[in-house]
Amino acid sequence: MLRLVACPSCRTQYDVTRITTPVIHCPCGAQIPNQAPVAVDAPVERCSSCGAALGPDARTCGYCRSTIVRDLRLLGLICPECFARSPEKAKFCTRCGLKFVPQPAPGSVPEISCPQDHETLIARSVGGLICHECRTCHGMWVPADDFDALLNKAVTARRTRPSQGLGGHVHHERPAASFKVVYRKCPVCGDVMQRKNYAGRSGIIIDWCGSHGTWLDADEMEEIATFIFDGGLERSLADQEQKRASQMAGPSQMRGVFEHVKNDGTLLEFFSELIDF
Ligand SMILES: [Zn+2]
Ligand SMILES: [Zn+2]
Ligand SMILES: [Zn+2]
Ligand SMILES: [Zn+2]
Ligand SMILES: [Zn+2]
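Below, the structure written as structure tokens:
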């Protein structure tokens, strides 16, 4: 059963399900006692799937149509703020409507430091994947194989919520100084990482250790997703495909590839091929 605590100072929620140390040291400086909270009895007033307010007898949510669970035996997740019970898989507290965003508890994942400024990176759950964020330079370390998954999510997020976040992003030219070539070391093995121009020609340079993961400077993730969404990745694919196609096939086969990419969500498989040049 998922167990959450909230930092009394910065309100970050931590997943302490498997944490046995008596105190959690929040990166904000606060100390959080790791005690099993005592649940309070409270009526279910919010949809645990979308957070919408519910009538006292509602059996399904009027907004998202989720079934409302009121059986106490099925409510096991205790809200770290109001201590009411919610279903184990709840996204929102059934009483106060708090959105549950559990982060990995400090100390529960190996500590690594920023390849740029050597600050200790903070483990963060990004779309269900554990990434490591630098609070100083806002760069992000994405372990081994998770980069593709992360991009997939970024692209999906952009497609489904075009008005938020990435949607308003305008690609800006970087100051010339930031193009200065710096070879960074992998925060896990210490070897110098490879620099790759993401998708061959995007101008977005990522640092990559083949064994351990990918380092993204601040905003690079967003730029990459923007690049994909604006069709940059498809243009790069077109270049590559054109080369291949001119050697072995006609335009009809090429179109087939693009239908596949667009409809099937396998953009990232192509992507991994592309950065692995
Ligand atoms: Zn805190
Ligand atoms: Zn709902
Ligand atoms: Zn609550
Ligand atoms: Zn940093
Ligand atoms: Zn490495």
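Under full-length UniProt numbering, residues 1 to 277 are what the sequence shown spells out, in order. Heads up, the beta-carbon is just placed ideally off N, CA and C, and yes, glycines get one too.
| Item | Value |
| --- | --- |
| In this structure, does DSSP put Ile130 in helix, strand or coil? | strand |
| Count the CB pairs spanning the stretch 106-115 and the stretch 130-144 that are closer than 8 angstroms, and state whether there are at least three. | yes |
| Can you tell me which of the three DSSP states Ile19 falls into? | coil |
| Which residue's Cα is closest to the Cα of Met1: Asp230, Pro8, Ala36, Lys99? | Ala36 |
| Are the stretch 49-61 and the stretch 1-12 touching by the rule of at least three beta carbon pairs closer than 8 angstroms? | no |
| Between which residues of its own chain and Trp141 is the CB-CB distance below 7 angstroms, once the five residues before and five after are set aside? | Ile112, Leu121, Cys131, His132, Pro187, Gly213, Trp215 |
| Counting beta carbon pairs with one atom in the stretch 8-19 and one in the stretch 28-35, are three or more of them shorter than 8 angstroms? | yes |
| Flag Arg95 as yes when its Cβ comes closer than 8 angstroms to any non-hydrogen atom of ligand 3, and as no otherwise. | yes |
| On a Cα-Cα basis, can you pick out the residue from Ala123, Ser202, Leu74 that is closest to Gly239? | Going by the sequence as given, residue 239 is Asp instead of Gly. Measuring from the Cα of Asp239, the nearest candidate turns out to be Ser202. |
| Please state whether the Cβ-Cβ distance between Arg85 and Leu75 is less than 9 angstroms. | yes |
| Can you check whether the CB of Leu151 is closer than 9 angstroms to the CB of Val126? | no |
| Only counting the same chain, and skipping five residues up and downstream in sequence, which positions put a Cβ closer than 8 angstroms to that of His118? | none |
| With distances taken Cα to Cα, identify the nearest neighbour of Lys185 among Ser211, Leu77, Ile204, Asn197. | Ser211 |
| Quick check on Asp239: does DSSP put it in helix, strand or coil? | helix |
| Taking DSSP as the reference, what is the three-state secondary structure of Asp207? | strand |
| Quick one: does the C-beta of Ser9 sit closer than 8 angstroms to a heavy atom of ligand 1? | yes |
| With a threshold of 16 other CB atoms inside 10 Å of the CB of Thr94, please say whether the residue is buried or exposed. | buried |
| Among Ala39, Ala90, Gly139, which has the Cα closest to the Cα of Phe83? | Ala39 |
| Taking C-alpha atoms, which residue in Ile224, Ala123, Asn34 lies nearest to Lys196? | Ile224 |
| When you compare only the Cα positions, how much space is there between Thr21 and Arg124? | 20 angstroms |
| Between Val192 and Cys47, what straight-line distance do the alpha-carbon atoms span, to the nearest angstrom? | 49 angstroms |
| In the structure shown, what three-state DSSP assignment does Cys82 receive? | coil |
| In chain order, what residues have a CB nearer than 7 angstroms to some heavy atom of ligand 5? | Cys186, Val188, Cys189, Asp191, Cys209, Ser211, His212 |
| If you measure from the CB of Glu220, is any heavy atom of ligand 4 nearer than 8 angstroms? | no |
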